[in-house]
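Chemist: If you scroll down you'll find the structure; I have some questions about it.
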Amino acid sequence: MSISDITVGFVGLGHMGGPMAANLAKAGYVVQGFDLAPAALEQATQDGITVVGSAAATAVDADVVITMLPSGRHVLDLYDGGLLAAARPGTLFVDCSTIDVADARAAHERLEQAGHRGIDAPVSGGVMGASAGTLAFMVGGADEDFEAAHPLLDVMGRKVVHCGGPGVGQAAKICNNMILGVSMIAISEAFVLGEKLGLSNQALFDVASNASGQCWALTTNCPVPGPVPGSPANNDYQPGFAAALMDKDLGLAANALRDNGVDAEIGLRAAELYRRFHETGHGGEDFSAIINDIRHRSNGENQ
Ligand code: NAD
Numbered sequence: 056m057s058i059s060d061i062t063v064g065f066v067g068l069g070h071m072g073g074p075m076a077a078n079l080a081k082a083g084y085v086v087q088g089f090d091l092a093p094a095a096l097e098q099a100t101q102d103g104i105t106v107v108g109s110a111a112a113t114a115v116d117a118d119v120v121i122t123m124l125p126s127g128r129h130v131l132d133l134y135d136g137g138l139l140a141a142a143r144p145g146t147l148f149v150d151c152s153t154i155d156v157a158d159a160r161a162a163h164e165r166l167e168q169a170g171h172r173g174i175d176a177p178v179s180g181g182v183m184g185a186s187a188g189t190l191a192f193m194v195g196g197a198d199e200d201f202e203a204a205h206p207l208l209d210v211m212g213r214k215v216v217h218c219g220g221p222g223v224g225q226a227a228k229i230c231n232n233m234i235l236g237v238s239m240i241a242i243s244e245a246f247v248l249g250e251k252l253g254l255s256n257q258a259l260f261d262v263a264s265n266a267s268g269q270c271w272a273l274t275t276n277c278p279v280p281g282p283v284p285g286s287p288a289n290n291d292y293q294p295g296f297a298a299a300l301m302d303k304d305l306g307l308a309a310n311a312l313r314d315n316g317v318d319a320e321i322g323l324r325a326a327e328l329y330r331r332f333h334e335t336g337h338g339g340e341d342f343s344a345i346i347n348d349i350r351h352r353s354n355g356e357n358q
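This is the structure:
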């Protein structure tokens, strides 16, 4: 079967889904897409996507249906609201949204009950990765469904990892982002402590980046301007990875921690700190800007 014989339904043509669907169309797949936002549909038409009249219509005669939506509620509501019913039996569903592990598992169950198959395949790499086709996919699902989806994931991404069974792709995503959120807070607290003690940011960077404190949050996304010229701190904390998305992902991690009785005081606290940072108006800043919140609070200033 050649690529042009494969029809892909695509629901959710937003910041991420729009360029992902465009890359599939560019590669030669027949893509039939839908979004609630008229502007997304206009852009999709320009990108060679056939716009259809409803989410369910994307699944009609499709070989694969991809969803890229804000939350698990959106995915499950669409599955229950006609998307699964409109698909041919045995259709492959690929959910790329970042959602609760529990919702991802519920989605797999609904697929099975409806006679379909599917994988959870959340991504990292942001809007730039979506446009460039360099996303990383973390996949949960059966071996044969992973293999069936692999060629499409290769078009949209550069790294594809099969992490395990249903929901385990989402598990990988939230575990990784919990490490990231916690480490960014730890790095930021260390810089602010250093400042109070008369240690320059550059000196702390020179030591920690070559010692056991070394991590991505320090050496790539350094929260203070100077040591890493490409980090968002040098560009007025323009994202990058927005604090609102870190808040979302840590919220999902917190749900999974509670659901599974994990004694993770630091992970839960990181979720609270990013929630507060988001709610006080900083959701649009890079997540490394949390250092400014820590510094202000340390100086007795309200945020
Ligand atoms: P977005 O809000 O830009 O896109 C979501 C789209 O879904 C919107 O265009 C919205 O209109 C559409 N939508 C919602 N309900 C719908 C429905 N019932 N039918 C059809 N369309 C519907 O969000 P995004 O930034 O593209 O993120 C999508 C997902 O990817 C989220 O789960 C997010 O957590 C995840 N993600 C985002 C990034 C990022 O950098 N933006 C990075 C990694 C993962």
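Using the numbering used here, the first residue of the sequence shown is number 56, and each one after it goes up by one.
The beta carbon of each residue, even a glycine, is placed where N, CA and C say it ideally should be.
Note that the structure is a prediction, hence the values are computed from the model and not measured.
1) Could you tell me whether any non-hydrogen atom of the ligand NAD is closer than 7 Å to the CB of T153?
2) Tell me whether C230 sits in a helix, a strand or coil according to DSSP, three-state version.
3) Between Y329 and L235, what straight-line distance do the alpha-carbon atoms span, to the nearest angstrom?
4) Cβ of G316 within 7 Å of any heavy atom in the ligand NAD?
5) Which one of N354, N347, G72, F332 has the shortest CA to CA distance from I408?
6) Using 8 Å as the cut-off, can you tell me whether the region 61–72 makes contact with the region 104–121, which would need three or more C-beta pairs spanning the two stretches below that distance?
7) Under 7 Å Cβ to Cβ from Q293, same chain only, skipping five residues before and after it: list those, please.
8) Answer yes or no: the CB of A162 versus the heavy atoms of the ligand NAD, is any distance below 7 Å?
9) Looking at F192 and the ligand NAD, is the gap between the Cβ and the nearest heavy atom below 7 Å?
10) Would you say the beta carbon of P287 comes nearer than 7 Å to a heavy atom of the ligand NAD?
11) In its own chain, which residues sit with a C-beta less than 6 Å from the C-beta of S179, not counting the 5 before and 5 after it?
12) Based on the DSSP output, what are the partners of F296 in its beta bridges?
13) Give every residue of the same chain whose Cβ lies closer than 6 Å to the Cβ of I226, excluding the five residues on either side of it in the sequence, and list them in chain order.
14) Go ahead and pull the three-state DSSP assignment for G83.
15) Give me the residue from D209, A272, G69, V120 with the minimum Cα distance to G137.
16) Would you say the region 263–274 touches the region 293–313, given that touching needs at least three Cβ pairs under 8 Å?
17) Report, in whole angstroms, the separation of the C-beta atoms of D60 and A77, which I expect to be a contact under 8 Å.
18) Can I345 and I229 be called in contact, C-beta distance under 8 Å?
19) Would you be able to state if there are at least three C-beta pairs under 8 Å between the region 269–279 and the region 305–321?
20) Starting from S179, follow its DSSP beta bridges and name the residues at the other end.
21) For the ligand NAD, is there a heavy atom less than 7 Å away from the beta-carbon of S179?
22) Taking the beta strand (DSSP E) that V216 falls in, what are its first and last residues?
23) For D304, does the three-state DSSP call read helix, strand or coil?
24) Once DSSP output is grouped into helix, strand and coil, what is the label at R143?
25) At what residue ranges does the region 238–271 contain a whole run of the alpha helix (DSSP H), taking only runs of 4 or more?
26) Pick helix, strand or coil for G236, following the three-state DSSP scheme.
27) Kindly indicate which three-state DSSP category V63 falls into: helix, strand or coil?
28) If we ignore side chains and look at the alpha-carbon of each, how far apart do G253 and G285 end up?
29) Among the residues of its own chain, which have a CB less than 6 Å from the CB of M193, if the five just before and after it don't count?
Modeler: Looking at the atomic coordinates:
1) One-based indexing of the sequence shown puts residue 153 at position 98. Yes, Cβ of T153 sits closer than 7 Å to a heavy atom of the ligand NAD.
2) What you label residue 230 is simply residue 175 of the sequence shown in a count that begins at 1. Reduced to three states, the DSSP call for C230 is helix.
3) Along the sequence shown, one-based indexing puts residue 329 at 274. Along the sequence shown, one-based indexing puts residue 235 at 180. Roughly 12 Å separates the two Cα atoms.
4) For the purposes of this step, residue 316 is taken as residue 261 along the sequence shown, with counting starting at 1. Checking the Cβ of G316 against the ligand NAD gives no.
5) Residue 408 lies beyond the residue range present for the chain, which begins at 56 and ends at 358; the question has no answer from this structure.
6) In short, these stretches touch, since the Cβ pair count reaches three.
7) Locating residue 293 in the sequence shown gives position 238, counting from the first residue. Only P287, D341 meet the Cβ criterion.
8) Within the sequence shown, the letter at position 107 stands for residue 162. No, since every heavy atom of the ligand NAD falls outside the 7 Å radius drawn around the Cβ of A162.
9) On the sequence shown, residue 192 is found 137 positions in, with the first residue counted as 1. No - the ligand NAD has no heavy atom lying nearer than 7 Å to the Cβ of F192.
10) For the purposes of this step, residue 287 is identified with residue 232 of the sequence shown, where counting begins at 1. Incorrect: P287 has no Cβ contact closer than 7 Å to the ligand NAD.
11) Position 124 of the sequence shown, counted from the first residue, corresponds to residue 179. Correct list, in chain order: A191.
12) As a first step, residue 296 must be located in the sequence shown, where it is residue number 241. F296 pairs with nothing; no bridge assigned.
13) Here residue 226 refers to the residue found at position 171 of the sequence shown. The amino acid at residue 226 is misidentified as Ile; the sequence shows Ala. Cβ within range, chain order: V156.
14) The count along the sequence shown starts at 1 and reaches residue 83 at position 28. Judged by DSSP in its simplified three-state form, G83 adopts coil rather than helix or strand.
15) Stepping through the sequence shown from its first residue, residue 137 is reached at position 82. Here the closest residue by C-alpha is V120.
16) Touching, no.
17) In the sequence shown, counting from the first residue as 1, residue 60 sits at position 5. In the sequence shown, counting from the first residue as 1, residue 77 sits at position 22. Cβ-Cβ separation between D60 and A77: approximately 20 Å, too far for a contact (criterion under 8 Å).
18) For the purposes of this step, residue 345 is identified with residue 290 of the sequence shown, where counting begins at 1. For the purposes of this step, residue 229 is identified with residue 174 of the sequence shown, where counting begins at 1. With respect to the 8 Å criterion, I345 and I229 are not classified as neighbours on the basis of their beta carbons.
19) Judged by Cβ distances under 8 Å, the region 305–321 makes no contact with the region 269–279, as fewer than three pairs qualify.
20) Within the sequence shown, numbered from 1, the residue matching residue 179 stands at position 124. Answer is A191, bridged to S179.
21) Taking the first residue of the sequence shown as 1, we reach residue 179 at position 124. Flag set: Cβ of S179 near the ligand NAD.
22) Within the sequence shown, the letter at position 161 stands for residue 216. 212–219 is the span of the beta strand (DSSP E), which, as asked, contains V216.
23) The sequence position of residue 304 within the sequence shown is 249, counting from 1. Looking at D304 - three-state DSSP - the assignment turns out to be helix.
24) As a first step, residue 143 is located in the sequence shown; it is residue number 88 there, counting from the start. It is coil, neither helix nor strand.
25) 256–263
26) Residue 236 sits at position 181 when you count from the first residue of the sequence shown. Here G236 sits in helix by DSSP.
27) Here the question's residue 63 lines up with position 8 in the sequence shown. It is a strand residue.
28) In the sequence shown, residue 253 corresponds to position 198, counting from 1. In the sequence shown, residue 285 corresponds to position 230, counting from 1. Cα to Cα, the separation comes out at about 25 Å.
29) Within the sequence shown, the letter at position 138 stands for residue 193. Taken in chain order, the residues that qualify are P177, V216, C218, G224, A227, K228.
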